[in-house]
Amino acid sequence: MTGPDQTAARSLWRDRRFRRFWAGQSVSQFGDRITELALPLIAISALNASANQVAWLTALIWTPNLLAIFLGAWVDHRPHKRRLMILADLVRAAVLLSVPVAYLAGAVTLGQLYAVALLMGAAGVLFNTAYPPFFVRLVPRASYVDANSKLSASRSASHVAGPAIGGILVQALTAPVTVLLDALTFLMSAVLIGRVRVDEPPPASGDAAASSLLQRAREGLSFVVRHPVLRAGLGCAATVNFFTFVAGSGLIVLFASRSLGLSAAAIGIAFGIGATGSLLGAVLAPRISRRFGVGRSIVVGAVLFPAPIALAAVADGPLWLRAGALSAAEFLSGFGVMLFDVNLNSLQAAVIPDGMRSRVAGAYSTINYGIRPVGAVVGGLLATLIGLRATLLIAAVGGALSLLWLLPSPIPRIRSLAPHGTVGTTADAGDDDKRPVSR
Numbered sequence: 090m091t092g093p094d095q096t097a098a099r100s101l102w103r104d105r106r107f108r109r110f111w112a113g114q115s116v117s118q119f120g121d122r123i124t125e126l127a128l129p130l131i132a133i134s135a136l137n138a139s140a141n142q143v144a145w146l147t148a149l150i151w152t153p154n155l156l157a158i159f160l161g162a163w164v165d166h167r168p169h170k171r172r173l174m175i176l177a178d179l180v181r182a183a184v185l186l187s188v189p190v191a192y193l194a195g196a197v198t199l200g201q202l203y204a205v206a207l208l209m210g211a212a213g214v215l216f217n218t219a220y221p222p223f224f225v226r227l228v229p230r231a232s233y234v235d236a237n238s239k240l241s242a243s244r245s246a247s248h249v250a251g252p253a254i255g256g257i258l259v260q261a262l263t264a265p266v267t268v269l270l271d272a273l274t275f276l277m278s279a280v281l282i283g284r285v286r287v288d289e290p291p292p293a294s295g296d297a298a299a300s301s302l303l304q305r306a307r308e309g310l311s312f313v314v315r316h317p318v319l320r321a322g323l324g325c326a327a328t329v330n331f332f333t334f335v336a337g338s339g340l341i342v343l344f345a346s347r348s349l350g351l352s353a354a355a356i357g358i359a360f361g362i363g364a365t366g367s368l369l370g371a372v373l374a375p376r377i378s379r380r381f382g383v384g385r386s387i388v389v390g391a392v393l394f395p396a397p398i399a400l401a402a403v404a405d406g407p408l409w410l411r412a413g414a415l416s417a418a419e420f421l422s423g424f425g426v427m428l429f430d431v432n433l434n435s436l437q438a439a440v441i442p443d444g445m446r447s448r449v450a451g452a453y454s455t456i457n458y459g460i461r462p463v464g465a466v467v468g469g470l471l472a473t474l475i476g477l478r479a480t481l482l483i484a485a486v487g488g489a490l491s492l493l494w495l496l497p498s499p500i501p502r503i504r505s506l507a508p509h510g511t512v513g514t515t516a517d518a519g520d521d522d523k524r525p526v527s528r
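In the numbering used here, the protein residues as written are 90 to 528.
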């Protein structure tokens, strides 16, 4: 079986292999939204966990990303990336299955839930670092944006409907049984990925393969730093993530409740509207990038993602206007993040050479995701010192200034991922990267 034709787009709706993969990812995304609700509820209802203890569940899921740079370096020199993705899904299924089993036996503990969160995070990092080489063997180069749009649309749809479905299931079946359903979604994903056959060339041999894990990790980070497109993209994404986590969903909820005087129902509706913005952004991203260009779409998304936070921060007047401002902010931000993510992920897939994909993904994740808890801590400190409204305004302005990473880079001038033309100053990235991107 050979890889996809990298020079021509084709309808992904008629691509059976992509449909299988997409179906598996869609199912597991909905399962994730269910567990995001059910796992904390188990800690709260069965173990009387405090707010701080519940917060640690979220923190531990993100913690393994700090080691993604090393895991990515390891994955790059392993054959059969698809098998690693299947393994990651099976590990997550097994870990989640332990929760209802322990609960039914009356043996569930907070320590077990912490271990579940940590192992889920680690398996997620394994999946995400093995995914980039698999993706480019599955999807034609000219269809990268379309494929990322469809995958992002599923993720956005899960955020729209997932929490409501999760709440109904928890109410009807209890939280532990609901976690069991998420475990089954990972099993389904593993089965579907197992039926997707792609041509996986063997990893590099010789001196590169014999180099130490630390050296390969350093090579991945060095490649990102030296590459003009990857460097600008990572700088922009990390800056946006830092400032959006300064605002944080927790602070926004607190501001909406205490400063805007909105009820829990009104806040929930506003966040639901924001999720529909994400869904619409994911669906329209390919059309927008064809009309205005991949690079310009990334630039617009980098501003549109964080800037609308200011709408909520300055909201005043009657209740309907305050609620409307929060809804508009969430909608525009959701639209912007999808415009940013779909196009930037596609561009990165186009410029990273095959032998570097997993280690670059690992280095990228370590910085991009590692900055998030730092932003959350800074946000809490700022809110304490200068107040919620000022903190949200700082987050909006600081996030929008991530644009400064992009403007001097080649990104704004990149028109499409078609197989003609080249990314400017690719020589700066080293001789390994000869993948063309049209302007």
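For every residue, glycine included, the Cβ atom is placed at its ideal position computed from N, Cα and C.
- Task: Report the rounded CA-to-CA distance for phenylalanine 107 versus glutamine 304, giving the unit in angstroms.
- Result: Reading the sequence shown from its first residue, position 18 is the one you call residue 107. Reading the sequence shown from its first residue, position 215 is the one you call residue 304. One C-alpha to the other measures close to 34 Å.
- Item | Closest residue to histidine 166 among Arg446, Trp145, Val234 (Cα-Cα distance) | The residue labelled residue 166 in the question sits at position 77 within the sequence shown. Across the set Arg446, Trp145, Val234, the C-alpha of Arg446 shows the shortest separation from the C-alpha of histidine 166.
- Between which two residues does the alpha helix (DSSP H) carrying asparagine 432 extend? Stepping through the sequence shown from its first residue, residue 432 is reached at position 343. Per DSSP, asparagine 432 belongs to the alpha helix (DSSP H) from 408 to 440.
- Count the other CB atoms, across all protein chains shown, that sit within 10 Å of the CB of alanine 354; report buried if there are 16 or more and exposed otherwise. Position 265 of the sequence shown, counted from the start, is the residue given in the question as residue 354. Per the 10 Å Cβ criterion, exposed.
- Assess, as a yes-or-no matter, whether the segment 182 to 196 is touched by the segment 239 to 249 under the definition of 3 or more beta carbon pairs within less than 8 Å. Contact between the segment 239 to 249 and the segment 182 to 196 is absent, because fewer than three Cβ pairs lie under 8 Å.
- Message: Here's the rule I'm using: 16 or more other beta-carbon atoms within 10 Å means buried, otherwise exposed. How should alanine 371 be labelled?
- Response: Within the sequence shown, the letter at position 282 stands for residue 371. Classification for alanine 371: buried.
- Message: Within the continuous alpha helix (DSSP H) that includes tryptophan 102, where are the two ends?
- Response: Working through the sequence shown from its first residue, we reach residue 102 at position 13. It is not in any alpha helix (DSSP H) - tryptophan 102 carries neither H nor E in the DSSP assignment.
- Query: In angstroms, rounded to a whole number, what distance separates the CA positions of glycine 366 and serine 422?
  - Reply: The residue labelled residue 366 in the question sits at position 277 within the sequence shown. The residue labelled residue 422 in the question sits at position 333 within the sequence shown. One alpha carbon belongs to glycine 366, the other to serine 422, and they sit about 8 Å apart.
- Item | Distance between leucine 208 and threonine 198 (C-alpha atoms, nearest Å) | Looking up residue 198 in the sequence shown gives position 109. Looking up residue 208 in the sequence shown gives position 119. C-alpha separation (whole angstroms): 15 Å.
- Message: Restricting to Cα atoms, I'd like to know which of Ser311, Tyr458, Lys170, Arg181 is closest to threonine 124.
- Response: Along the sequence shown, read from residue 1 onward, the residue named residue 124 stands at position 35. Looking at the Cα atoms, Arg181 is the closest of the given residues.
- Please confirm whether tryptophan 494 and threonine 328 have their CB atoms less than 8 Å apart. The count along the sequence shown starts at 1 and reaches residue 494 at position 405. The count along the sequence shown starts at 1 and reaches residue 328 at position 239. One thing to note: tryptophan 494 has its Cβ within 8 Å of the Cβ of threonine 328.
- How is alanine 196 classed by DSSP in three states: helix, strand or coil? Counted from its first residue, the sequence shown places residue 196 at position 107. DSSP places alanine 196 in coil when its eight states are reduced to three.
- Query: Quick one: complete alpha helix (DSSP H) runs, 4+ long, within the segment 308 to 334?
  - Reply: Along the length of the segment 308 to 334, whole alpha helix (DSSP H) runs at least 4 residues long do not occur.
- Query: For arginine 320, which residues of its own chain have a beta-carbon under 7 Å away from its beta-carbon, when the five flanking residues on both sides are left out?
  - Reply: As a position in the sequence shown, residue 320 is number 231, starting the count at 1. Cβ neighbours of arginine 320 beyond the five flanking positions: Val313, Val314.
- On the three-state DSSP scale, how would you describe proline 168? Within the sequence shown, the letter at position 79 stands for residue 168. Three-state result, proline 168: coil.
- Span of the alpha helix (DSSP H), counted from its first residue to its last, around proline 462: Counting from one through the sequence shown, the residue named residue 462 turns up at place 373. First-last of the alpha helix (DSSP H) with proline 462: 446 to 475.
- Hey, could you find the ends of the alpha helix (DSSP H) alanine 391 is sitting in? For the purposes of this step, residue 391 is identified with residue 302 of the sequence shown, where counting begins at 1. Segment 383 to 393, the alpha helix (DSSP H) holding alanine 391.
- Check whether alanine 418 and leucine 393 have beta carbons under 8 Å apart: In the sequence shown, the residue the question calls residue 418 occupies position 329. In the sequence shown, the residue the question calls residue 393 occupies position 304. Contact flag unset, no.
- In terms of residue numbering, what span does the alpha helix (DSSP H) encompassing threonine 274 cover? For the purposes of this step, residue 274 is identified with residue 185 of the sequence shown, where counting begins at 1. Segment 264 to 283, the alpha helix (DSSP H) holding threonine 274.
- Item | With 16 other Cβ atoms within 10 Å as the buried cut-off, status of valine 426 | Within the sequence shown, the letter at position 337 stands for residue 426. Residue environment analysis places valine 426 among the buried positions, since at least 16 neighbouring C-beta atoms fall within 10 angstroms of its C-beta.
- Query: Going by the CB atoms, is the gap between leucine 156 and glycine 256 shorter than 8 Å?
  - Reply: One-based indexing of the sequence shown puts residue 256 at position 167. One-based indexing of the sequence shown puts residue 156 at position 67. With a cutoff of 8 Å on beta-carbon distance, glycine 256 and leucine 156 are scored as not near each other.
- Where isoleucine 131 and leucine 262 are concerned, what is the direct C-alpha to C-alpha distance, given to the nearest angstrom? Position 42 of the sequence shown, counting from 1, holds the residue named residue 131. Position 173 of the sequence shown, counting from 1, holds the residue named residue 262. CA-CA distance, isoleucine 131 to leucine 262, rounds to 13 Å.
- Message: Just verifying my parser: in three-state terms, what is the DSSP assignment at leucine 506?
- Response: For the purposes of this step, residue 506 is identified with residue 417 of the sequence shown, where counting begins at 1. Looking at leucine 506 - three-state DSSP - the assignment turns out to be coil, as it is neither helix nor strand.
- Message: Between which two residues does the alpha helix (DSSP H) holding isoleucine 398 run?
- Response: Taking the sequence shown and counting its residues from 1, the one referred to as residue 398 is at position 309. Residues 398 to 402.
- For proline 499, which three-state DSSP category applies? If you number the sequence shown from 1, residue 499 lands on position 410. It is coil, neither helix nor strand.
- Query: Quick one: is glycine 350 buried, meaning 16 or more other Cβ sit within 10 Å of its Cβ, or exposed?
  - Reply: Translated into positions along the sequence shown, residue 350 becomes position 261. Counting the other Cβ atoms within 10 Å of the Cβ of glycine 350 gives fewer than 16, which makes it exposed.
- Which residues in the same chain as alanine 112 place their Cβ atom closer than 8 Å to its Cβ, once the five residues preceding and following it in sequence are excluded? To locate residue 112, count along the sequence shown from 1; it is residue 23. Here the set comprises Leu281.
- Where leucine 155 sits in the DSSP three-state scheme: Counting from one through the sequence shown, the residue named residue 155 turns up at place 66. The DSSP-derived three-state label of leucine 155 is helix.
- Under the three-state reduction of DSSP, which class applies to leucine 349: helix, strand or coil? Counting from one through the sequence shown, the residue named residue 349 turns up at place 260. Looking at leucine 349 - three-state DSSP - the assignment turns out to be coil, as it is neither helix nor strand.
- Task: Answer yes or no: do alanine 336 and glycine 468 have a C-beta to C-beta separation smaller than 8 Å?
- Result: Locating residue 336 in the sequence shown gives position 247, counting from the first residue. Locating residue 468 in the sequence shown gives position 379, counting from the first residue. Closer than 8 Å, so yes.
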